[in-house]
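Peer 1:
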Amino acid sequence: MPTWMTKPEMIVTFVLFGLSVAISLWANEIRRFLSSKVRGMKSSRLQEYEYKLKFLEWINGNTHNLLLWAIQNTLAVLHYTIWLTIGACLLVIIANAFSPARLKVSDFVRMLVPILPGYFIGRVISMHHTIRQLYSYEISTAELRDAIAKLKAELASAQADK
-17 MPTWMTKPEM IVTFVLFGLS VAISLWANEI RRFLSSKVRG MKSSRLQEYE
33 YKLKFLEWIN GNTHNLLLWA IQNTLAVLHY TIWLTIGACL LVIIANAFSP
83 ARLKVSDFVR MLVPILPGYF IGRVISMHHT IRQLYSYEIS TAELRDAIAK
133 LKAELASAQA DK
């Protein structure tokens, strides 16, 4: 392994990149998991499948909705980039106000470099997955309906056991 890959700043860069990819890929799932109760793993998965099914039905065959979805995903990346940049600039201002060592904006820009491509790549992978599901719409929706029915049956039997 090259020595430049073992430096702490490179390790942090790789970790931030991987974390940003994971967060952008599973943002909705993470949010749903954190907001659901302990009982909610199956019900969270059920909500996720129902959401995906409704979303695929909403977007399938409707170019207007497809265009809105694509624009929304593109704007989300820009929105994320703007807020991260503002946050980095605020960190520089606050750090310079309370620290004798003067920091430059470029120090914080170097922190953003691994995060932004990771978020972008995660969004692209997510969009690719959705488009792949649209290409095989009948199969994808049938699989989702089967999974929804199975989870509803499992949740109903769990409720009956209580």
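Everything in the sequence shown is counted per the numbering used here, starting at -17 for the first residue and increasing by one. Ideal Cβ placement from N, Cα and C applies to all residues, glycine included. Predicted model, so just to flag it, every value in this text is computed and none were measured.
Between Tyr212 and Ala79, what straight-line distance do the alpha-carbon atoms span, to the nearest angstrom?
Peer 2: Not covered by the structure: residue 212. The range shown for the chain is -17 to 144.
Peer 1: Are the CB atoms of Leu66 and Leu98 nearer to each other than 9 angstroms?
Peer 2: Translated into positions along the sequence shown, residue 66 becomes position 84. Translated into positions along the sequence shown, residue 98 becomes position 116. Yes.
Peer 1: If you scan the segment 43 to 121 from start to end, which runs of the alpha helix (DSSP H) of 4 or more residues do you find wholly inside it?
Peer 2: DSSP runs (the alpha helix (DSSP H)) wholly in the segment 43 to 121: 45 to 80, 87 to 117.
Peer 1: Taking the alpha-carbon positions, what's the Thr(-12) to Val95 distance?
Peer 2: For this step, residue -12 is matched to residue 6 along the sequence shown. For this step, residue 95 is matched to residue 113 along the sequence shown. C-alpha separation (whole angstroms): 18 angstroms.
Peer 1: Compare the beta carbon distance of Phe90 and Val74 with 9 angstroms and say whether it is the shorter of the two.
Peer 2: Here residue 90 is taken as the residue at index 108 of the sequence shown, counted from 1. Here residue 74 is taken as the residue at index 92 of the sequence shown, counted from 1. Judged by beta-carbon spacing, Val74 lies within the 9 angstroms limit of Phe90, meaning their Cβ atoms are closer than that value.
Peer 1: First and last residue of the alpha helix (DSSP H) that includes Thr(-12)?
Peer 2: Counting from one through the sequence shown, the residue named residue -12 turns up at place 6. Neither: Thr(-12) is in no alpha helix (DSSP H) and is coded neither H nor E.
Peer 1: Quick one: using the 10 Å Cβ neighbour count with 16 as the cut-off for buried, is Gln141 buried or exposed?
Peer 2: Numbered from its first residue, the sequence shown carries residue 141 at position 159. Burial call: exposed.
Peer 1: Thinking just about the alpha-carbon of each residue, which of Ala138, Arg127, Met109 is nearest to the one in Leu48?
Peer 2: By 1-based counting over the sequence shown, the position of residue 48 is 66. Nearest option by C-alpha distance: Met109.
Peer 1: How about Tyr119: is its Cβ closer than 8 angstroms to a heavy atom in the ligand ADP?
Peer 2: Of the ligands one can find in the structure shown there are none, so the ligand ADP has no counterpart to examine.
Peer 1: Do Tyr101 and Ile5 count as a contact pair if the criterion is CB distance below 9 angstroms?
Peer 2: For the purposes of this step, residue 5 is taken as residue 23 along the sequence shown, with counting starting at 1. For the purposes of this step, residue 101 is taken as residue 119 along the sequence shown, with counting starting at 1. Yes. Within cutoff.
Peer 1: Indicate the three-state DSSP secondary structure (helix, strand or coil) for Trp8 in the structure shown.
Peer 2: The residue given as residue 8 occupies position 26 in the sequence shown. Coil at Trp8, not helix or strand.
Peer 1: Could you check the C-alpha separation between Leu38 and Ser88 for me, to the nearest Å?
Peer 2: For the purposes of this step, residue 38 is taken as residue 56 along the sequence shown, with counting starting at 1. For the purposes of this step, residue 88 is taken as residue 106 along the sequence shown, with counting starting at 1. Rounded to the nearest angstrom, the two C-alpha atoms are 42 angstroms apart.
Peer 1: Is it buried or exposed for Arg27, if we count other Cβ within 10 angstroms and need 16 for buried?
Peer 2: The residue given as residue 27 occupies position 45 in the sequence shown. With 16 or more other Cβ atoms within 10 Å, it is buried.
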